[in-house]
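In our numbering, the protein residues as written are 3 to 140.
Please read the structure below before turning to the comments.
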């Protein structure tokens, strides 16, 4: 009986010690901000000057990304990578960096789509028709 009480006391002590450590680590993590890039090529590591610039943004910067809608898998990966790097930047800029992914052609007629492409071209954005080959063979 005494052994059982001792074992229970030790188990409770270990549990409360573990909880105390977790709470202290959480408090430390809330005070010290850090991010770790575990990718092999460090693709999400921002330079110190970029971090400094993002922290000191004088006004809100709004980024409109035209990568939405029905796209090939390669463009979906590009969209995800773009979102990841924007999320990394937002971690330093806070609410001063805002972004939106949009499909400029959603719900548009052919004439409207042609006008949008023309407007993009006038603004210096060049468009390309992309054709992908399917690897599915029946």
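Glycine included, C-beta positions come from ideal geometry on N, C-alpha and C.
It should be emphasised that the depicted structure is a prediction, and the values quoted were computed from it without experimental measurement.
So, residue i versus residue j, is the Cβ gap smaller than 8 Å?
i           : j           : result
residue 121 : residue 66  : no
residue 130 : residue 94  : no
residue 59  : residue 99  : yes
residue 77  : residue 106 : no
Below 8 Å on the Cβ atoms is my contact criterion, and I expect residue i with residue j to pass it. Report the Cβ-Cβ distance as a whole number of Å.
i           : j           : result
residue 46  : residue 90  : 5 Å
residue 70  : residue 104 : 5 Å
residue 118 : residue 125 : The pair is not a contact, with the Cβ atoms about 11 Å apart (cut-off 8 Å).
Tell me which residue opens and which closes the beta strand (DSSP E) that residue i is part of.
i           : result
residue 100 : 99-103
For residue i, report the span of its alpha helix (DSSP H) as first-last.
i          : result
residue 55 : 50-57
(message) List, from N- to C-terminal side, the beta strand (DSSP E) runs of 3 residues or more that fit wholly inside the segment 61-112.
(response) 63-67 and 99-103
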